[in-house]
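This note's numbering numbers the first residue of the sequence shown as 21 and each following residue consecutively.
No residue lacks a Cβ here, since even glycine has one placed at the ideal position from N, Cα and C.
Because the structure is a prediction, the values reported are computed rather than measured.
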Amino acid sequence: KEPGLRLVKRMSVEHSLPLLHDSVEWYSPCQFKAGRFDYAYWMKDLLNRKLIDGSFSVIAISRYLEDYFVGRGLKTTRIPVIMDATAFRPVIRGSSKVKLVYAGSPAKKDYLAECVKGFLDLDERRRTLFSFDIYGVSADGLKSVMGGGDIPAEMRAHGRVSRNEVLTALAGADFSMLLRPPEERYAKAGFPTKVVEGMMSGCAMLCNVTSDLGEYLVDGENSVLVGGAGASDVTKSLDRIAAMGRERIEAIKASARETAVRCFDYRRYVDQLGGFIDEVLSLQ
């Protein structure tokens, strides 16, 4: 990356061209076996701390990254994960059973084990009120996450599937589960795409607050927020959902979709990005 950036910077000076950096993440050592000595971690750290310098203007995906680059004196604007709202088609299920979904690669970022344990710790009678479909993890992988034993009837592991299959599952689900450690830098700096995908699909989030999610999610209105990052916190939130009627759940889902269209549709940011680019060009 470093030689390439040096070339880009030189071309920028030679041709009087502005440089824009789209900043979407900043790793934490806990994501790698070698910790801070992992090459990918080291390079991302070098990129954010040194290589992205005053030659660049920055589009930051989160307030954490925005504050960091503004603090270094770089011209910065903040735009979250954005999508085309018209590409998503929510489904009204009307089922009495509450359908939970998890989709992703938990080894990298997510606390799937806490979600699974929180689900398994539900009172057995209440657990039968739910179904829990897990995408991205095989049956053997799920058993490993569970610590062994048989997978209960309410849970299904689908393994790796296409994005279209995930979106179809989200459109037919009630809540998408996501738990991340709020104190880790990667959870502060990034913005979880799966939150926007779920809400655009008319699937409400069952999650804790990381990144800038607190600016968009309102507990009991367009989401169910988990009070911590532990299994017991998940169980408490599932107990709350179990006490909700179908009408209340559908209202939360509808509000989630409305929030996504209002806050994450790309059209909302056309003028902001265009104005930012005009400002950057005016400085050349």
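Buried is the label assigned to C135, since at least 16 other Cβ atoms lie within 10 Å of its Cβ. Straight-line measurement puts the Cα of G248 at about 15 Å from the Cα of K208.
Residue nearest to W46 within the set R146, M220, I72, G222 is I72 (criterion: CA-CA distance). Within the DSSP secondary-structure output, H35 pairs in no beta bridge. Here DSSP, grouped into helix, strand and coil, assigns K117 to coil.
Beta-bridge partners assigned by DSSP to M225: S196, S243.
One Cα belongs to G192, the other to V111, and the distance between them is close to 6 Å.
Taking 8 Å as the cut-off, the beta carbon of S252 is found no closer than this to the beta carbon of C227. For I269, the uninterrupted alpha helix (DSSP H) run begins and ends at 266-284, by DSSP. For M103 and D65, the gap between their C-alpha atoms comes out near 28 Å.
Using a 10 angstroms sphere on the CB of V33, the tally of other CB atoms stays under 16, which defines it as exposed. Residue pairing by DSSP places F150 opposite V118 in a beta bridge.
M166 is not a Cβ neighbour of F152, given a cutoff of 8 Å. Residue state for S164 is assigned as helix, using DSSP reduced to three classes. In the structure shown, S252 falls within a helical segment according to DSSP collapsed to helix, strand and coil.
For P100, same chain residues with a beta-carbon under 7 Å away, outside a window of 5 residues either side, are I81, F211, D232, F284 in chain order.
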